[in-house]
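Student: Can you keep this structure in mind? I'll have questions shortly.
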């Protein structure tokens, strides 16, 4: 009888490693958040360096008045990954997250999933890693001070990413809600970052080498006006990331050299939606691979128009997949039917019934 | 201290009901496989009847030499669903399933998933339900005998579906591998179906009111030739379901009235890929809603060119979602980050660390 039960139990083939929110936090805690972001940045850079080997699809959106659900698939020909992500700005009113997500990494040769993971926390981490990686190439040499305008859920990760990859030590925080800035300062206490809470955006950008905008409103807003931005800064524009949602005045864009992930997507979703379709931009993968220059002068304003791209999620999924054997922070999910005889799916159901799983059919 | 731990535990908002393979088998066993297929057919018919309210997208494929992974999303404006499905004909050589899948149903108003479920078994069930539903409208009145050519993993479910919805009592089974037919006969013993194992396809279709073709080869094949198909039968063509994979001789198609799920997709994936792009077909939702006739004469050959469509998966996800409170066969998965303060994602990570989940960052 015990042999029979063993045969009926799912085999190793049936299991997919699953990283819950709790396990993701354990993974981050085990590695350390800054090291985790650094690791993500390495994987993202590696995947951007083989940009041309990726199948790049636009996101597949489903819209509602309240927000959007998107599937973001990509593949390098051997591995397939996708992220499910929603964006619902009104969710916080009901105690829900504005952005949540999960993702899957699969073996394209068999179609079998290799990893299923939460991606709410992971997306915040990979967004920070993407921004910090871009700034490593674009920000003024020796940058130490970053203004952070918008002190919501993403901002902590941005600060820690810029500390880890760029060497930022001073954060000048501004939010329309002073409580948000206090929250950020509280969370970063002990991180090695000095946080100065500022009363106005103008105050925040005073002396900043880098300006990060990461506000959450789902509308066109002008967080930065042209006269606020002096020469030589790097702007990390994270919050303008869907049609109708921008943060910067158009005149800033016209004075800046604009760097993007995937132009086809950024022109629809990023700050770039404010400019004509043929406005010249530089793709980050070309900067990383030396095909295009990054920062070329001290007075140049560089702008990373971040919208988030599927290859970053793919890299993040690869990073987590490779990390799991070291940390063990995952469970195995019985996601795939694995009959003894692959042609006998119904036989598996039948035998499950005779095992006493329920009334016979 | 215990209060603190309670606060750190995931809230109800963080959980998504998950139906594992084992739980899916328990759900099928509890309801009974025929009742389960009947229930699925009801949901599928209901969703086909509101066809125009759906956002119909083509599948999003990722191809490899060995097979394909597809995402199949759809939405009715209130609920969003998608299925992940692979098709890898060589997988059985390695003891893996040719087709596996899983799916997600979400609330479009919040973006939050409502259900995450295995769909390998569920897809076989919904495919059978879709075929049997079509046959209810298209097969000759009083059909009792069905030829089943191809006796692999899908065939059992097809037989049981046609018993439940159409009243089939006699199965004439043929497979190039006699072992497959024996397996089918063994599984259906005691189901109320009489199974006759046949030595040739010609033998199998003798006296059949309905011919189901459900072979698995990933190539153009001629399972049925024109002279084998007499007047008045209904053909349920299930196996020809991707580019380059067909089962019927073109001349059969030319003699048949062809019924399809979604023409744009069937012309690429179904038997229809053999015919010119403008060949007239009838959409099943129009038959179900009375906008188009189904079977109109006794001598007419009707043909359902099944390829599988996202709305069927959507209906299947809805059915399982509605079933779970009655059966209780699911677990809750900690998939969504749910911080006390939605803007404080990093605070949740921080507090998880101080709880002792790992080394401090």
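Chains as they are written, first to last, in our numbering: chain A, 88 to 448; chain B, 88 to 448.
Beta carbons: idealized from backbone N, C-alpha and C, even for Gly.
Model, not experiment: these values are computed from the prediction.
Any beta-carbon of chain C closer than 9 angstroms to the one on residue 175/B?
Tutor: No chain C is present in this structure, whose protein chains are A and B.
Student: Using DSSP with H/G/I as helix, E/B as strand and the rest coil, what is residue 203/B?
Tutor: Within the second chain, the letter at position 116 stands for residue 203/B. In this structure, residue 203/B counts as strand in the three-state DSSP scheme.
Student: Would you identify the three-state DSSP class for residue 263/B, choosing helix, strand or coil?
Tutor: The residue you call residue 263/B lines up with position 176 of the second chain. Residue 263/B: coil per DSSP, three-state reduction.
Student: Distance, Cα to Cα, residue 93/A vs residue 360/A?
Tutor: Within the first chain, residue 93/A is the residue found at index 6, counting from 1. Within the first chain, residue 360/A is the residue found at index 273, counting from 1. For residue 93/A, the predicted model reports a pLDDT of 36, less than 50, meaning its position is unreliable and no value from the coordinates is stated.
Student: Does DSSP classify residue 223/B as helix, strand or coil?
Tutor: As a position in the second chain, residue 223/B is number 136, starting the count at 1. Reduced to three states, the DSSP call for residue 223/B is helix.
Student: Answer yes if the region 208-216 of chain A comes into contact with the region 124-139 of chain A, meaning at least three C-beta pairs across the two stretches below 8 angstroms, and no otherwise.
Tutor: Enough Cβ pairs lie closer than 8 angstroms, so yes.
Student: Can you have a look at residue 441/A and say buried or exposed, based on whether 16 or more other CB atoms are within 10 angstroms of its CB?
Tutor: On the first chain, position 354 is the one that residue 441/A refers to. Exposed: under 16 other Cβ atoms inside 10 Å.
Student: Kindly indicate which three-state DSSP category residue 448/A falls into: helix, strand or coil?
Tutor: By 1-based counting over the first chain, the position of residue 448/A is 361. The predicted model places residue 448/A with a pLDDT of 35, which falls under 50 and marks its position as unreliable, so this point remains unresolved.
Student: Helix or strand or just coil, what does DSSP make of residue 407/A?
Tutor: Stepping through the first chain from its first residue, residue 407/A is reached at position 320. Note: residue 407/A maps to helix in three-state DSSP.
Student: Please name the residues in the region 352-368 of chain B whose beta-carbon is closer than 9 angstroms to at least one beta-carbon of chain A, in chain order.
Tutor: From the region 352-368 of chain B, no residue has a Cβ closer than 9 angstroms to chain A.
Student: Looking at residue 193/A: is its Cβ nearer than 9 angstroms to the Cβ of residue 154/A?
Tutor: The residue you call residue 193/A lines up with position 106 of the first chain. The residue you call residue 154/A lines up with position 67 of the first chain. Cβ distance not < 9 angstroms, so residue 193/A and residue 154/A don't count as in contact.
Student: When the cut-off is 9 angstroms and only beta carbons count, does residue 335/B lie next to chain A?
Tutor: Locating residue 335/B in the second chain gives position 248, counting from the first residue. Chain A contact via Cβ: absent.
Student: How about residue 165/A and residue 195/A: are their beta carbons less than 9 angstroms apart?
Tutor: The residue you call residue 165/A lines up with position 78 of the first chain. The residue you call residue 195/A lines up with position 108 of the first chain. Going by C-beta atoms, residue 165/A is nearer than 9 angstroms to residue 195/A.
Student: Identify which residue in 388/B, 114/B, 190/B has its Cα closest to the Cα of residue 412/B.
Tutor: Within the second chain, numbered from 1, the residue matching residue 412/B stands at position 325. Answer by Cα proximity: 114/B.
Student: Closer than 9 angstroms, CB to CB, is residue 373/B near chain A or not?
Tutor: Here residue 373/B is taken as the residue at index 286 of the second chain, counted from 1. No, no contact with chain A.
Student: How would you call residue 323/A, buried or exposed, if buried means at least 16 neighbouring beta carbons within 10 angstroms?
Tutor: Along the first chain, one-based indexing puts residue 323/A at 236. Result: buried.
Student: Which residues does DSSP list as the beta-bridge partners of residue 158/B?
Tutor: Taking the second chain and counting its residues from 1, the one referred to as residue 158/B is at position 71. Paired residue(s): 147/B, 171/B.
Student: Just list the residues that DSSP pairs residue 233/A with in beta bridges.
Tutor: One-based indexing of the first chain puts residue 233/A at position 146. The partner list for residue 233/A (beta bridge, DSSP) reads 258/A, 297/A.
Student: Between the Cα of residue 130/B and those of 422/B, 407/B, 416/B, spot the shortest distance and give me the residue it belongs to.
Tutor: To locate residue 130/B, count along the second chain from 1; it is residue 43. Among 422/B, 407/B, 416/B, the Cα nearest to that of residue 130/B is on 407/B.
Student: Tell me whether the beta-carbon of residue 310/B lies closer than 9 angstroms to the beta-carbon of residue 253/B.
Tutor: Residue 310/B sits at position 223 when you count from the first residue of the second chain. Residue 253/B sits at position 166 when you count from the first residue of the second chain. No, Cβ-Cβ distance for residue 310/B and residue 253/B is not below 9 angstroms.
Student: Using beta-carbon positions only, say whether residue 112/B and residue 107/A come within less than 9 angstroms of one another.
Tutor: Here the question's residue 112/B lines up with position 25 in the second chain. Here the question's residue 107/A lines up with position 20 in the first chain. Not in contact: residue 112/B and residue 107/A (Cβ atoms no closer than 9 angstroms).
Student: The region 258-282 of chain B: which residues have C-beta closer than 7 angstroms to a C-beta of chain A, in chain order?
Tutor: Flagged, chain order: 267, 270, 274.
Student: With 9 angstroms set as the bound, which would you pick, yes or no: does the beta-carbon of residue 400/A sit closer than that to a beta-carbon of chain B?
Tutor: In the first chain, counting from the first residue as 1, residue 400/A sits at position 313. It does not; no Cβ of chain B falls within 9 angstroms.
Student: Identify the residues that DSSP records as bridge partners of residue 419/A: which are they?
Tutor: Locating residue 419/A in the first chain gives position 332, counting from the first residue. Paired residues: 104/A.
Student: From the DSSP output, in three-state form, read off residue 391/A for me.
Tutor: By one-based count along the first chain, residue 391/A stands at place 304. Strand.
Student: Check the Cβ-Cβ distances between residue 178/B and every residue of chain A, and say whether any is below 9 angstroms.
Tutor: Mapped onto the second chain, residue 178/B falls at position 91. So, interface residue.
Student: Less than 9 angstroms separating the beta-carbons of residue 212/A and residue 120/A?
Tutor: Taking the first residue of the first chain as 1, we reach residue 212/A at position 125. Taking the first residue of the first chain as 1, we reach residue 120/A at position 33. Yes, they are a contact pair.
Student: Mind checking whether residue 419/A and residue 200/A have CB atoms under 9 angstroms apart?
Tutor: To locate residue 419/A, count along the first chain from 1; it is residue 332. To locate residue 200/A, count along the first chain from 1; it is residue 113. Against a cut-off of 9 angstroms, the Cβ pair of residue 200/A and residue 419/A comes out as no contact.
Student: Work out the CA separation of residue 244/B and residue 222/B for me, nearest whole Å.
Tutor: Along the second chain, one-based indexing puts residue 222/B at 135. Along the second chain, one-based indexing puts residue 244/B at 157. Near 14 angstroms, if we compare the C-alpha coordinates of residue 244/B and residue 222/B.
Student: Just to confirm my understanding: we take residue 136/A, look at its own chain, exclude 5 residues before and 5 after, and list those with CB closer than 8 angstroms. What are they?
Tutor: The residue given as residue 136/A occupies position 49 in the first chain. Only 372, 375, 376 meet the Cβ criterion.
Student: Closest Cβ-Cβ distance between residue 439/A and chain B: below 9 angstroms?
Tutor: Locating residue 439/A in the first chain gives position 352, counting from the first residue. Residue 439/A counts as touching chain B.
Student: State the DSSP-derived secondary structure class of residue 324/A, mapped to helix, strand or coil.
Tutor: What you label residue 324/A is simply residue 237 of the first chain in a count that begins at 1. DSSP places residue 324/A in strand when its eight states are reduced to three.
Student: Could you tell me whether the Cβ of residue 219/A comes closer than 9 angstroms to any Cβ of chain B?
Tutor: Mapped onto the first chain, residue 219/A falls at position 132. Judged by the 9 angstroms Cβ criterion, residue 219/A is not in contact with chain B.
Student: Using a Cβ-Cβ distance under 9 angstroms, would residue 254/B count as near chain A?
Tutor: Taking the first residue of the second chain as 1, we reach residue 254/B at position 167. Cβ-Cβ to chain A under 9 angstroms: no for residue 254/B.
Student: On the three-pair Cβ rule with 8 angstroms, is the region 225-243 of chain B touching the region 264-273 of chain B?
Tutor: The answer is yes - the region 264-273 of chain B touches the region 225-243 of chain B, with three or more Cβ pairs under 8 angstroms.
Student: I believe residue 397/A touches residue 161/A by the beta-carbon criterion, under 8 angstroms. Please report the beta-carbon distance rounded to the nearest angstrom.
Tutor: Counted from its first residue, the first chain places residue 397/A at position 310. Counted from its first residue, the first chain places residue 161/A at position 74. The pair is a contact, with the Cβ atoms about 4 angstroms apart (cut-off 8 angstroms).
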